Structures are given as C-alpha cells and as structure tokens.
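Taken in sequence, the protein lines are chains B and Z. Residue numbers are given in this note's numbering: position 261 of the first sequence equals residue 1189, and the series is strictly consecutive. Residue numbers are given in this note's numbering: position 224 of the second sequence equals residue 1152, and the series is strictly consecutive. Here a beta-carbon is modelled for each residue, glycine too, at the ideal position from N, C-alpha and C. These numbers come from a predicted model, not from an experiment.
Protein chains: 2
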Amino acid sequence: MSGGVVADPAPPRIRFTDERIEMAHGAGGKASRRLVEGLIAPLFANETLAPLADAAIFPVAACRIATTADAFVVKPLRFAGGSIGELCINGTLNDLAVSGACPRTIMVSLILEAGLETATLRAELEAMAAAAARAGVAIAGGDTKVVEHGACDRMFVTTFGVGVVDERLRLGAQHVRKGDRVLLSGPIGDHGITILLARGELELEADLRSDTRSVWPMVRALLDAVPDGVRWMRDPTRGGVATALNELARDAGCAIALHEDAIPLRSEVRGACEILGLDPLHIANEGQFLAVVAERDAQRALEAVRAVAGGEDAALVGTVQSEPARAVVGITGYGGTRMIDMLVGDPLPRIC
Amino acid sequence: MSGGVVADPAPPRIRFTDERIEMAHGAGGKASRRLVEGLIAPLFANETLAPLADAAIFPVAACRIATTADAFVVKPLRFAGGSIGELCINGTLNDLAVSGACPRTIMVSLILEAGLETATLRAELEAMAAAAARAGVAIAGGDTKVVEHGACDRMFVTTFGVGVVDERLRLGAQHVRKGDRVLLSGPIGDHGITILLARGELELEADLRSDTRSVWPMVRALLDAVPDGVRWMRDPTRGGVATALNELARDAGCAIALHEDAIPLRSEVRGACEILGLDPLHIANEGQFLAVVAERDAQRALEAVRAVAGGEDAALVGTVQSEPARAVVGITGYGGTRMIDMLVGDPLPRIC
Chain B
929 MSGGVVADPA PPRIRFTDER IEMAHGAGGK ASRRLVEGLI APLFANETLA
979 PLADAAIFPV AACRIATTAD AFVVKPLRFA GGSIGELCIN GTLNDLAVSG
1029 ACPRTIMVSL ILEAGLETAT LRAELEAMAA AAARAGVAIA GGDTKVVEHG
1079 ACDRMFVTTF GVGVVDERLR LGAQHVRKGD RVLLSGPIGD HGITILLARG
1129 ELELEADLRS DTRSVWPMVR ALLDAVPDGV RWMRDPTRGG VATALNELAR
1179 DAGCAIALHE DAIPLRSEVR GACEILGLDP LHIANEGQFL AVVAERDAQR
1229 ALEAVRAVAG GEDAALVGTV QSEPARAVVG ITGYGGTRMI DMLVGDPLPR
1279 IC
Chain Z
929 MSGGVVADPA PPRIRFTDER IEMAHGAGGK ASRRLVEGLI APLFANETLA
979 PLADAAIFPV AACRIATTAD AFVVKPLRFA GGSIGELCIN GTLNDLAVSG
1029 ACPRTIMVSL ILEAGLETAT LRAELEAMAA AAARAGVAIA GGDTKVVEHG
1079 ACDRMFVTTF GVGVVDERLR LGAQHVRKGD RVLLSGPIGD HGITILLARG
1129 ELELEADLRS DTRSVWPMVR ALLDAVPDGV RWMRDPTRGG VATALNELAR
1179 DAGCAIALHE DAIPLRSEVR GACEILGLDP LHIANEGQFL AVVAERDAQR
1229 ALEAVRAVAG GEDAALVGTV QSEPARAVVG ITGYGGTRMI DMLVGDPLPR
1279 IC
C-alpha cells in the first residue's frame, strides 16, 4: 500500500451472534457482511475464498473444464447418514466425477427463509466445509439471499462445481459398444428410502442411512485401472438406476440387458419398496455411480472399484446389446424378462 | 457407432405442452426430461449445452479462471425494464465483468413452485436466452428442482458464471492508491426504486425502468483504454454505491471522498427517495459499475466509458484519500461533509 494510504488495512475480526436469520442478512449491507465474515467465511476458510469479491479467481493450465450446477431442496434438511450440507457438496463432486473431471473448486449459493435458526445454518455450513475438506476441494465463494418467512422452506442450496477433465478419457453415449458391461458401484436405493423414512409419514422403520459421499475416489481408481476402457458414467440420483440407463439406451440407440439378481440391494430397501409398491431401480442414490466399460476391461474395472472403501459391493449388472433398441430389459434369475421404464411421476419428492 | 449398436441414435423431438409445472417435472424421470428437452434446451440451444449430462465441458488455454454465483429471488418476477430472467444473466455477467473477466459460460439452476404457469417459466427462459445471446455467451446447462406449492415463491434462479481473466489486469483493493479517482458508469437507484414501485404497495408512480444490462461492453472499453490504470471495480447492487465504497474503504484502509453533486441521479429516483426517507446511495443498481482508476488515466477512462451505449452519463464521483481511514465522506456543493455508512437493515427486500 504505497502512495500514502494508511498502512494497516487488516479488518477487525467480526463475530456473528444473531440467533436467527433475518431479512437484513440478505440485504447486502452491514448485516450481510456480518453473516458472511462472521459465520460463513471462517467455516469455509481457504486460500481461494474471497468472501466479498464478485468472483473467485484461480489459474488453470490449458485443459478441458467441466462445470456443473445443482439445486438442493431436500426435506428434511437432516437425515440418517447426512444432511443437505453434505449432500450439496457430494452431489456436485459426483457430477464432476462421472464427467471424468477432477474437482477443482466449488461455489455455494444459499436461499434462506427469514427466521431460520442460525444453529441450523451453522450446522449445514459445517457439513459443507467438512465434505469439501474430505474431498480436498476449496469452497471458493457463493451468494446468500434471504426471503420472507413462508417464501421458501427453511433453506435451499445451489452448488456449482468446476473440474479439470482427465485428458485420457473420451466419455459419452456415442462411445458405447455392443458387448460392453455395466458396472454399478454398490447397493441402490439407500438415499431415497432413508429420506422417505426421515419424514416420519410412514409406519416404517429401518436401520438405513443415506449413501451420500463423494464417488471420486472410486471413479479415480476405475480410471487409473482402465483409462481406455471406460465409455460412459453417470450417478443415478433422481429417477434412479432405471432412468439413468434408459437415458443411456436412448442416447446411444442401444439396449441394456440388466441382470436384476446381480444388483446390490439391502434387504431394508427391498422390504420398504415392496410395502410401498416402488421399484428400487427408480429410487434415488447419492453415493453410487454407473459405468459402461469395455468387455475386455470389465473384470479389472470391477476389482479396481471394489478395492476402494465404499466400493466393496460393486457389481457387473448389465450388458450392452443392439436390441431392443433404446430400451432397458430386466432379466431375472429364472430367465424371465421385463421392460424397465424411466421413472414416471414423482413418488418421492424433494429427495435431494 | 461401430460395434453393432443400432445406427441412428437421434432422439425423437419432444414437445412440452403442460400448462403448469408439477412436482413430477422435478423428479428426474420422464416428466423432467420433457421439461428439459421440450422447453428449456430448445430455448437455450447452443453447442456447449448438454442438457442431460452431468456437466458441461469446454476447453481453455492456460489462464486465470473467474467463477461467480448469484441467487435471484426478486419480487415481482417482472418489472419495468426487465425481469428475473434478464437480471440473473446480466447480474452474473456483471460480477465477471467487474472481476476483469470476459464471460465464457453460464449455468442456470431453477427452483420452481409446483403450480407455476408454464407461460411464466417460458417467458423467463426466453429472457435468459435473449440476455445471454446479447452478450454472446452460451448457457451451458443447469438444474431444475420443483418444490410443493407454498414451499417457494413462484421461482428462484441461481446463476453461475465462468470467465477468463484479462491478464493485463491486477485488480483489488490492495492496488488502490491515494489520489486515484472513482468512476461511476451512470445514474444510480433506477433498479431498486423500479422494483419498489412494481410492488404497487406505495402511492407512488414514476416513469422509471430497471437498469438491468450487461456492463461488460463498458468495462471492456475501459480496460482497453487504460489497461494499467484500473485498480478496482465493483457493481453496486444490494447495498448500493455507499456499501460498495465502504467495503473498498475498509479493505484498502483508505478514505473515499464522494462528490455528491457529481453523482448521476434521475429526478424520479431522487423524488422517491425523499418521500420514502431513503438514501439513493443505498439503493440497488443492476446495470452500473464503479471503478477506481489512476489519477493520470481518469479523464481517458471517463471518455472511454462515455463512448459506449449506456455509459453516456458516466462521471468521476470520488477521490481516494488517506483520512479518515476506512470511511466514505460525502462532500456537497456547498462544501459541507457527511459520513456515508454502509446500508443497515433492509428497506427494500428481494430486490434481485
């Protein structure tokens, strides 16, 4: 600071002691600054974070950048195994991961209802910071708006992720070939059924937890093991495995034969789905991914994912065929078949 | 598509004919696909857009990347001179612009209330597409969630922007020097007062329009004219010019002397503020920016901005001083002075 402006620009440390979020915290003035500098910034502290700047800035080498955006409106905010704070970070990491992108930075934008307890907000900010730290990714900034009591349901979070694409990869439905195998990283339906149970509207109880987590460690192991063999990846969130594979079948113009008995599924999820008349293949997951791998690499791919914590139950669950085009066919142990459609309607709203 | 999978993967064209948004449109299944492919994707059509992929991917050379996130909860959705759709694109372009970053891509994430008329959504998507097209920027994707009727107020939008930083620049409060001049691009308060009037809660009428627009053309002209002379930029949105300059004063440890008579201000805004007891310096703007420029470059900077459409009323409105440190001092034509504080409280909630 040459040129005569005062020597010590260090701002005084601000503490946020308000018990509830009020409209003024979203107005952009003093109260906003106290919220951001007194609560959000200290929890997200890292080198990239510029809490009051208009943008976060970071260098990249020449590369392909992947960007992703996700809104989170899950209800309730907290549930067995996680909360909206973990979910919003992990979900964004996972969208990058299945795009073959190493996560580089995350931004978090909040819409808060006036009257929200600060303790609730703090707990979710802590959950975001912890999930980002686990993944070794910085939260680089964001935005905070407050709406009147009743104009939103407690808090919504929208997360934005930027990653650098692994240059070894060529992913996409157009690369899928007949004979390729479908790999699933673990048991399905845990997240969706956990949220359903957390709402307490059903006379059901089960020892079940959301599977929310970053799948990047599993994806990285897969890519390192068979960099040429991975054709397509997707995380089967809303709409479940059935919807993700139907989208693949349609986009690739192929058929997916799904070996239903090979699909990892906890008995609690199976039981809840039977009682509720739901298909586990339509239930949302938050910590699983699907990959299509070349037939020659399938066994190596499976071993690579199984060797990573969380991937122990990975399985080869399907095969790419030419017919029936643009369809997913379930095959049971007795040789029976059924057509598996995308999710229709919304049996489990606000799952993420 | 070698390997035997069917030859023509082209998906059938989908039309979205539902009159209202329902929960199923956010469930991730067939209805979500219809909404995205039948309504959103055709309006946002561009090469980068991958409407159903998990991430958008684009190449960059070695550079510094700027990322920004903004939530928009403006009420009402439409107002004189614009709507939430233009606001969310322009606001994000402007955060990049004042970071010295040429906008590269934008993502748009929607939270919709079940029951929202499709016509309302379509109008806002069209406004987004038009604003992005005007700026020559692609909307690369996003996310859509639907919450129950009553769980949000019609629609909220969160926008993310990625830009490439102009390598000639070194912007930041730490570069500000005593004697530097403060440039303001045009009349203040138009947006905030327009929104206030659009709510119809006041017995006031005025021929006023929001100033929502991209400031990038003005910023680019400024940077081209005096690349070495620009020290700091900010768009004075929530909290207005007073808050932005107080943040600068605090971060730089300097004083800003603000020549109040030099500040461009429409008589309608001045009148409304007098009646309502508001300070125009606290009112939000959506199409203006502030820049601190070196004294030697100030006149050239002013001419460059004035030469761009929308910048005709730009003015040099302040000077950087060393004392009183971390404060903004207003100076009137009669030589009187007053301390100008940041915004306190929220006189105009949900302005953007």
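Just to check my reading of the structure: residue i and residue j have Cβ atoms closer than 8 Å, yes? What is that Cβ distance to the nearest angstrom?
{"i": "T1033/B", "j": "A1066/B", "result": "6 Å"}
{"i": "C1080/B", "j": "E1041/B", "result": "5 Å"}
{"i": "D1118/Z", "j": "V1197/Z", "result": "6 Å"}
{"i": "F944/Z", "j": "G966/Z", "result": "3 Å"}
{"i": "V1158/B", "j": "V1221/B", "result": "6 Å"}
{"i": "D1108/Z", "j": "V1248/Z", "result": "4 Å"}
{"i": "A994/Z", "j": "A983/B", "result": "4 Å"}
{"i": "V1169/B", "j": "L1112/B", "result": "7 Å"}
{"i": "A1025/Z", "j": "F1217/Z", "result": "7 Å"}
{"i": "I1123/Z", "j": "F1007/Z", "result": "6 Å"}
{"i": "C1307/B", "j": "I1191/B", "result": "No answer is possible for residue 1307/B: the residues shown for chain B start at 929 and end at 1280."}
Chain B partners of residue i, CB-CB under 8 Å?
{"i": "C991/Z", "result": "P987 and V988"}
{"i": "D1023/Z", "result": "D982 and A983"}
{"i": "V1272/Z", "result": "A952, G957, K958 and A959"}
{"i": "S1027/Z", "result": "A981, D982, A983 and I985"}
{"i": "V1090/Z", "result": "I993, T995 and V1090"}
{"i": "R1162/Z", "result": "D982"}
List, in chain order, every chain B residue whose beta-carbon is nearer than 9 Å to that of residue i.
{"i": "P1277/Z", "result": "M951, A952, G954, A955, A1042, V1074, V1075 and E1076"}
{"i": "T1033/Z", "result": "I993 and T995"}
{"i": "R1062/Z", "result": "Under the 9 Å cutoff, chain B gives no residues; its nearest Cβ is about 20 Å from R1062/Z."}
Rank the options by C-alpha distance to the C-alpha of residue i and give the top, closest one.
{"i": "A1126/B", "options": "I1279/B, R1159/B, G1107/B and G954/B", "result": "I1279/B"}
{"i": "H1077/Z", "options": "I1211/Z, I949/Z and E1231/Z", "result": "I949/Z"}
{"i": "G1064/B", "options": "F972/B, C991/B, T996/B and R992/B", "result": "F972/B"}
{"i": "N1018/Z", "options": "A983/Z, P1145/Z and R1098/Z", "result": "P1145/Z"}
{"i": "P1252/Z", "options": "K1106/Z, R1006/Z, A955/Z and T945/Z", "result": "K1106/Z"}
{"i": "L1209/Z", "options": "T1048/Z, R1228/Z and V1245/Z", "result": "V1245/Z"}
{"i": "S1195/B", "options": "D1023/B, V1075/B, D1108/B and I1116/B", "result": "I1116/B"}
{"i": "R1062/B", "options": "L1044/B, P1031/B and G1157/B", "result": "P1031/B"}
{"i": "T1171/B", "options": "E1133/B, G1069/B and N1213/B", "result": "N1213/B"}
{"i": "V1093/Z", "options": "S960/Z, T996/Z and T1122/Z", "result": "T996/Z"}
{"i": "E1100/B", "options": "R1006/B, P1275/B and L1173/B", "result": "In the sequence under discussion, the amino acid at residue 1100/B is Gly, which differs from the Glu named in the question. The option with the nearest alpha carbon to G1100/B is L1173/B."}
{"i": "I1203/B", "options": "G1167/B, L1132/B and A1243/B", "result": "L1132/B"}
{"i": "V1302/B", "options": "D1135/B, W1160/B and S1138/B", "result": "Here chain B covers residues 929 to 1280 and nothing more, so residue 1302/B does not appear."}
{"i": "G1181/Z", "options": "S1011/Z, V1104/Z and Y1262/Z", "result": "V1104/Z"}
{"i": "E1014/Z", "options": "K958/Z, S1138/Z, N974/Z and L1193/Z", "result": "S1138/Z"}
{"i": "E1095/Z", "options": "R1050/Z, S1027/Z and E1054/Z", "result": "S1027/Z"}
{"i": "G954/B", "options": "L1044/B, T1260/B and V1233/B", "result": "L1044/B"}
{"i": "Y1262/Z", "options": "R1234/Z, L1206/Z, D1269/Z and E1188/Z", "result": "E1188/Z"}
Could you list which residues in chain B have their beta carbon closer than 7 Å to that of residue i, in chain order?
{"i": "T1352/Z", "result": "Nothing can be reported for residue 1352/Z: it is not among the residues displayed for chain Z, which extend from 929 to 1280."}
{"i": "G1070/Z", "result": "A997"}
{"i": "V1284/Z", "result": "Here chain Z comprises residues numbered 929 to 1280, so residue 1284/Z is not present and cannot be evaluated."}
{"i": "V1093/Z", "result": "I985"}
Just to make sure I have the definition right: I need the residues of chain Z whose C-beta is within less than 9 Å of the C-beta of residue i. Which are they?
{"i": "C1080/B", "result": "V1001, I1039, V1075, A1079, C1080, D1081 and F1084"}
From the DSSP secondary-structure annotation, give me the bridge partner or partners of residue i.
{"i": "P1031/B", "result": "G1091/B"}
{"i": "C991/B", "result": "V988/Z"}
{"i": "M1267/Z", "result": "V1257/Z"}
{"i": "V1245/Z", "result": "Answer by DSSP bridge pairing: none, since V1245/Z is not bridged."}
{"i": "E1041/B", "result": "V1075/B"}
{"i": "D998/Z", "result": "T1087/Z"}
{"i": "A1219/Z", "result": "L1111/Z and M1161/Z"}
{"i": "S1142/Z", "result": "According to DSSP, S1142/Z bridges with nothing at all."}
{"i": "S1011/Z", "result": "R1006/Z"}
{"i": "R948/B", "result": "E1045/B"}
{"i": "V1036/Z", "result": "G1070/Z and T1087/Z"}
Interface residues of chain Z around residue i at Cβ under 8 Å?
{"i": "T1165/B", "result": "G956"}
{"i": "V1287/B", "result": "Here chain B covers residues 929 to 1280 and nothing more, so residue 1287/B does not appear."}
{"i": "R1224/B", "result": "In chain order: nothing, as chain Z lies at least about 13 Å away."}
Ignoring anything shorter than 3 residues, give me the beta strand (DSSP E) runs that lie fully in the segment 1060 to 1090 of chain Z, in order along the chain. Scanning the segment 1060 to 1090 of chain Z for uninterrupted beta strand (DSSP E) segments of 3 residues or longer gives 1066 to 1075, listed from N- to C-terminal end.
Which runs of the alpha helix (DSSP H) spanning at least 4 residues fall entirely within the segment 1145 to 1190 of chain Z, listed in chain order? For the alpha helix (DSSP H) assignment, the uninterrupted runs of no fewer than 4 residues enclosed by the segment 1145 to 1190 of chain Z are, from N- to C-terminal side, 1168 to 1180.
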